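>
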Amino acid sequence: MSKLYAVIMAGGRGERFWPISTRERPKQFLSLLSRRAMVVEAVERVKDLIPYERILILTNARHAELVRRLVPEVPAANIVGEPVGRDTAPAVSLATGLVGRQGADAVFCVLTADHLIGDRDVFLRTLHACAQTAERNESLVTIGIRPTGPSTAYGYIEVAERISEIDGIAFFRALRFVEKPDAETARRYLQQGNFFWNSGMFVWRVDTIRKALQKHCPQLYEFSRRVTESADPAGLLTAEVYGELEKISIDYAVMEKASNVITARAEFQWDDIGSWEAVGAHLPSDAAGNSFSGRVLFCDAQQCIAVNRGKLVALLGVRDLVVVQSDGVVLVCPRDRAQDVKRLVQHMEQSGTYEDVL
C-alpha cells in the first residue's frame, strides 16, 4: 500500500515516571524495558510495513532535535515539533494536514511512542488489515485490546457484531467509547465480554478523519485544511496559532461522538506502560514477588518494585513499595499510589523550589 503512513505520537511529559523521566528527557526517549529508547522501538516496529520516509513523528518542539538524533533514519522534515502541548486531537489535526499533502485518499496509522507491543509480525498484520479496512470504507478504525482483567486504568470500547475478518484479524462495529470505569463497572464489562480496552491506536483515510473533524470539531478541521494547503506548514506551528487550538483528546473530540467507528481485535501482546506498577510487571522478579532493574538488594522485602540508575538501592523489611533512584533523586511510594506520581510532580512544579530535579 503505497499511500500508507505512520504518525507516531511522541509528545507528553511522562510525569508518572519521575525521577527517571524529566522535562529534558521524558519517558518516550528512555530505555525503560529494552536497550533502545521507546520512540526508537516504535519506529523500528513498523519499518517493515511503512518505510522510514513515510513515518512522521510528532513531539514537543524542544525535543525535535533529540528525536532526530535518536532516529536518524527518519527524514528530519518528518520530525515535527509542537510549540505547545494541546492533547491528542490537535496533534491528529496536524497529522491529518501533513499527510493530507500526499492526497485525501492517503491512509495513516496513529501510534504512540511509549507502548509495549509483543508479537511484532501479528502487530504489523493487524495494522495492514486495519489499513485495508480504512481504505475501502469511510470508517474510523481503532484497535481494541482484549481485557485480561477488570482494569480501571484504561478506557473501554463496547462493540456489537463482528462485521468482517481480514488475514485472521476480526473487525467489529463499535457501539461506544467509555471513560476509565470504577472497579465494579470494569468487572461488569469483563463479564459481558463485548468490551475491549481502548489502545489509543487508530487507522483512517485523510478524507474520513477530516470529515469527522469538520462535523465534531470545526476549529481543528480548519487547521488541518490550512496545513495541507499552506506553502509553508511550519509557519503555522507557532505558539500563537497552535496555542489557540482547543486542548482536547481525540477520544473526546471525535471518537465518542462518531457513528462510523470499526474496532479491530488485537491478537498481539500490548501494554501502555502507564506507571511504575506497569513497568514492574515486565521486569525480572524474585521468589518474594519483588521486581527490579539495576543494582538492587532485597532483604525480607516483599512485592516491591525497585528501579536503580545509581550505585545501589537496598530494601529491608518492607513490602508493596515502589523505589526509584536516578541521579541522586529518590522516589518512594506505595505500589497502589504509583498512578499518583504525576500529582507529586505537579505539586513540585507548583512549589517552584524543585526545578533542578524536574
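Here the sequence shown stands for residues 12 to 369, numbered as in the numbering used here.
Glycine included, C-beta positions come from ideal geometry on N, C-alpha and C.
Computed from a predicted structure; not experimentally measured.
1) Taking the straight line between their C-alpha atoms, what separation do you get for Leu127 and Val290?
2) Mind the definition here: the stretch 86 to 104 touches the stretch 195 to 208 only if three or more C-beta pairs lie below 8 Å; say whether that holds.
3) Can you grab the Cα-Cα spacing for the pair Val82 / Val54, in whole Å?
4) Gln336 by DSSP, collapsed to three states: which one?
5) Within this structure, are the beta carbons of Gln39 and Ala124 separated by less than 8 Å?
6) Where does Val110 sit, in a helix, a strand or coil, going by DSSP?
7) Can the beta-carbon of Val4 be found closer than 8 Å to that of Gly160?
8) Just to confirm the assignment, what range does the alpha helix (DSSP H) spanning Met12 have?
9) Less than 8 Å between the C-beta atoms of Ala269 and Arg216, yes or no?
10) On the premise that Gly166 lies in contact with Phe188, defined as a C-beta separation below 8 Å, what is that separation, rounded to the nearest angstrom?
11) Report the partner residues of Gly22 according to the DSSP bridge assignment.
12) What does the alpha-carbon distance come out to for the pair Ala317 and Cys120?
13) So, for His227: in the same chain, excluding its five sequence neighbours on each side, which residues have a beta-carbon less than 8 Å away from its beta-carbon?
14) Just checking my contact of Thr70 with Ala21 at CB under 8 Å: how many whole Å lie between their CB atoms?
15) Secondary structure at Arg173, three-state DSSP: helix, strand or coil?
16) If contacts are defined as beta-carbon pairs under 8 Å, then Leu44 and His293 qualify, I think. What distance do you get, rounded to the angstrom?
17) Around the Cβ of Ala115, are there at least 16 other Cβ atoms within 10 angstroms (buried) or fewer (exposed)?
18) Grouping DSSP H, G and I as helix and E and B as strand, with all else coil, what is Trp281?
19) For the 8 Å Cβ check, are there 3 or more pairs between the stretch 229 to 237 and the stretch 171 to 181?
20) Tell me the residue span of the alpha helix (DSSP H) that contains Met212.
21) DSSP state of Arg306, grouped into three classes?
22) Evaluate Cys310 with the Cβ neighbour count: other Cβ atoms within 10 Å of its Cβ, from every protein chain shown; 16 or more gives buried, anything less gives exposed.
23) What are the partner residues of Ala181, as DSSP defines its beta bridges?
24) Sort out for me which residues DSSP pairs Val318 with in a bridge.
25) Taking C-beta to C-beta, are Ile66 and Ala17 nearer than 8 Å?
26) Mind reading off the beta-carbon distance from Thr239 to Ile168? Whole number of angstroms is fine, and I expect it under 8 Å.
27) For the beta strand (DSSP E) holding Arg157, just list the boundary residues, first then last.
28) For Ala298, which three-state DSSP category applies?
29) Any beta carbon from chain D within less than 8 Å of Gln336's own beta carbon?
30) Return the CA-CA distance between Ser13 and Arg112, expressed in angstroms with no decimal places.
31) So, under 8 Å CB-CB, Thr153 and Ala185 are touching, yes? Tell me the CB distance rounded to an integer number of Å.
32) Going by DSSP, what residue range makes up the alpha helix (DSSP H) through Glu360?
33) CB-CB under 6 Å to Arg24, same chain, minus the five flanking residues each way: which ones, in chain order?
34) Rounding to the nearest angstrom, what Cα-Cα distance links Val78 and Val334 in this structure?
35) Can you tell me which of the three DSSP states Ile261 falls into?
36) Label Gln361 either buried or exposed according to how many other C-beta atoms from any shown protein chain fall within 10 Å of its C-beta, with 16 as the threshold for buried.
Reading it off the structure:
1) If you take the alpha carbons of Leu127 and Val290, they lie about 10 Å apart.
2) At 8 Å Cβ cutoff, the stretches do not touch.
3) The straight-line gap from Cα to Cα measures roughly 8 Å.
4) In the three-state reduction of the DSSP assignment, Gln336 falls in the strand class.
5) Taking 8 Å as the Cβ cut-off, Gln39 and Ala124 qualify as a contacting pair.
6) If DSSP states are grouped into helix, strand and coil, Val110 belongs with the helices.
7) Here the chain comprises residues numbered 12 to 369, so residue 4 is not present and cannot be evaluated.
8) No alpha helix (DSSP H) holds Met12; DSSP gives it neither H nor E.
9) Their beta carbons are not under 8 Å apart, which means Ala269 does not touch Arg216 by this criterion.
10) About 6 Å; that satisfies the 8 Å criterion.
11) BP columns for Gly22 are empty, so no partner.
12) It is roughly 35 Å from the alpha-carbon of Ala317 to the alpha-carbon of Cys120.
13) A distance below 8 Å between beta-carbons, with the five flanking residues on each side excluded, links His227 to the following residues of its chain, in chain order: Ala264, Val265, Lys268 and Ala269.
14) Confirmed, Cβ separation roughly 4 Å.
15) Three-state DSSP puts Arg173 in a strand.
16) A Cβ-Cβ separation of about 5 Å places Leu44 in contact with His293 under the 8 Å criterion.
17) By the neighbour-count definition (other C-beta atoms within 10 Å, threshold 16), Ala115 is an exposed residue.
18) Reduced to three states, the DSSP call for Trp281 is strand.
19) No: the two stretches stay apart, fewer than three of their Cβ pairs being nearer than 8 Å.
20) Taken as a continuous stretch (DSSP letters only), Met212 belongs to no alpha helix (DSSP H), being part of the beta strand (DSSP E) at Phe206 to Arg216.
21) Coil, per DSSP.
22) Burial is judged here by how many other beta carbons sit within 10 angstroms of a residue's own beta carbon; Cys310 has fewer than 16 and is exposed.
23) Glu176, per the DSSP bridge assignment.
24) DSSP output for Val318 lists Ser304 and Val335 as bridge partner(s).
25) Closer than 8 Å, so yes.
26) With 8 Å as the limit, Thr239 and Ile168 do not qualify as a contact, their Cβ atoms being about 29 Å apart.
27) Following the DSSP letters along the chain, one finds Arg157 in no beta strand (DSSP E), marked with neither H nor E.
28) DSSP, read as helix, strand or coil, puts Ala298 in coil.
29) Structure shown: chain D not included; a single protein chain is present.
30) Ser13 and Arg112: Cα-Cα distance of roughly 14 Å.
31) In this structure, Thr153 and Ala185 form a Cβ contact; the two beta carbons are roughly 7 Å apart against a cut-off of 8 Å.
32) DSSP places Glu360 in the uninterrupted alpha helix (DSSP H) bounded by Val352 to Ser362.
33) Excluding sequence neighbours, Arg24 sits near Pro37.
34) Linking Val78 to Val334 through their CA atoms gives a straight-line distance of about 29 Å.
35) Three-state DSSP puts Ile261 in a helix.
36) By the 16-neighbour rule on beta-carbons within 10 angstroms, Gln361 is exposed.
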